[in-house]
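Take any residue in the sequence shown, count from 1 to its spot, add 1: that is its number in this note's numbering. Every residue gets a Cβ at the ideal spot worked out from N, C-alpha and C, and that includes glycine. Here's the structure, in structure tokens; my notes come after.
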Amino acid sequence: MTMRRALCVLASLLLFSAVVPPGMAGAWPPTYAVDAYEASGGDDIKASARIITAQVAAAGHDPYTEAHTIDIANATTGDQDWYRFTVSSHDAVAGIVYVIEAVSNDSRDVNPVIEIYGPGLAFTPTDPLSLNPYTTDPVAIASNIRGPWWDHLGASVTFRPVAGGDYFIRIRPYGDNSGSGYFDNAGRYTFRIKVGTLTRIAGSNRIATAVQASVERFADISLRGSMGTST
Ligand SMILES: [Ca+2]
Ligand SMILES: [Ca+2]
Ligand SMILES: [Ca+2]
């Protein structure tokens, strides 16, 4: 190798190391600190899903949120986060709608997928690595891979239960049968669930609510400040 070629290789290596985002440095696959819900048996399977019925009820028509992490994304010890909530027969008959979201935080490392199952435990979720690219579990009754309207990767599902019972939500990193595994990595995300599709984000201030709704749904950094706001 000539001195000039060696310098080019060295420069390439330095450039690559300079752009590696947080969480990707070191061993592959990268890992993140586990979230609080991995304790006491964790929430990696439907049978140990985190029960959030009371929290959703207490939130009323406001969103209920939790901070979670997909701490590692691989085919052996990889993380999935399962949630469980009960829908009353009355609410099902009334046509109550739920919005369920998972939005990556701070980085674009994790591409969370939402899959909803139920009612009841009588289902077997599909291994994501057996799915064709950009498809979701056919066993799920509702699902979403990606909503391109956020700054960070995220997914959103609007879901109307057709019967009362226990419903399950699986949040997992994107993966498929292409051989690349869970190539969309691990990372932190915000889980959000609410009854109804509308949120008065800024209270009684209609203009501020409109601005915040635009920021939330059509996040585009190039538009920040265009409404005289800091967001
Ligand atoms: Ca987790
Ligand atoms: Ca886990
Ligand atoms: Ca988990």
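What does DSSP give as the partner residue(s) for residue 103 in the beta ladder?
Beta-bridge pairing links residue 103 to 156, 192.
Taking the alpha-carbon positions, what's the residue 167 to residue 120 distance?
Distance between the alpha carbons of residue 167 and residue 120: 5 Å.
Taking 6 Å as the limit, name every residue whose beta carbon sits nearer than that to some heavy atom of ligand 2, in sequence order.
Contact residues of ligand 2 (beta-carbon closer than 6 Å to any heavy atom; chain order) are 39, 43, 45, 80.
Taking 8 Å as the cut-off, is the beta-carbon of residue 1 closer than that to any non-hydrogen atom of ligand 3?
This structure gives no information on residue 1, because the portion of the chain shown stretches from 2 to 232.
In terms of residues, what are the limits of the beta strand (DSSP E) holding residue 90?
DSSP places residue 90 outside any beta strand (DSSP E); the residue lies instead in the alpha helix (DSSP H), whose first and last residues are 90-95.
Roughly how many angstroms separate the alpha carbons of residue 204 and residue 210, rounded to a whole number?
Each residue's alpha carbon lies about 7 Å from the other.
Rounded to whole angstroms, how far is the Cβ of residue 101 from the Cβ of residue 196, which I believe are closer than 8 Å?
About 11 Å separates the Cβ atoms of residue 101 and residue 196, ruling out a contact at the 8 Å cut-off.
At a threshold of 8 Å, does residue 170 count as lining ligand 1 (C-beta to nearest heavy atom)?
Ligand 1 never approaches residue 170 closely enough for any of its heavy atoms to be under 8 Å from the residue's Cβ.
Would a C-beta distance cut-off of 9 Å place residue 103 and residue 176 closer than the cut-off?
It is not a contact, given that the beta carbons lie outside the stated cut-off.
For residue 95 and residue 158, I'd like the C-alpha separation in whole angstroms.
Cα-Cα distance, rounded: 19 Å.
With respect to the beta strand (DSSP E) encompassing residue 114, which residues constitute its N-terminal and C-terminal limits?
It spans 113-118 - the beta strand (DSSP E) in which residue 114 sits, taken as one unbroken run.
Exposed unless 16 or more other CB atoms sit within 10 angstroms - verdict on residue 23
At residue 23 the pLDDT is 45, less than 50, meaning the model places this residue with poor confidence; the figure from the coordinates comes in the next sentence. It is exposed - the Cβ of residue 23 has fewer than 16 other Cβ atoms within 10 Å.
Residue 143, enclosing alpha helix (DSSP H) - first and last residue:
No alpha helix (DSSP H) contains residue 143, which is instead part of the beta strand (DSSP E) from 143-145.
Does the Cβ of residue 135 have 16 or more other Cβ atoms within 10 Å, making it buried, or fewer, making it exposed?
Answer is exposed; the Cβ neighbour count stays below 16.
Leaving aside the five residues before and after residue 72 along the sequence, list all residues of the same chain whose C-beta is less than 8 Å from its C-beta, in chain order.
Excluding sequence neighbours, residue 72 sits near 32, 33, 34, 35, 36, 39, 80, 187.
Residue 129 by DSSP, collapsed to three states: which one?
DSSP places residue 129 within a helical segment (H, G or I) once states are collapsed to three.
To which residues does DSSP link residue 73 through a beta bridge?
32, per the DSSP bridge assignment.
Check the C-beta distance from residue 84 over to residue 55 and give it rounded, since I have them as a contact under 8 Å.
13 Å between Cβ atoms; not a contact.
Could you check where the alpha helix (DSSP H) with residue 37 kicks off and where it finishes?
Here residue 37 belongs to no alpha helix (DSSP H), and DSSP marks it neither H nor E.
Between residue 36 and ligand 1, is there a pair consisting of the residue's CB and a ligand heavy atom that are separated by less than 8 Å?
Relative to ligand 1, residue 36 has its C-beta within less than 8 Å of a heavy atom.
For residue 65, which residues in the same chain have their Cβ closer than 6 Å to its Cβ, ignoring the five residues on either side in sequence?
Take residue 65, set aside five residues on each side of it, and the residues of its chain with a beta-carbon closer than 6 Å to its own are 56, 57, 194, in chain order.
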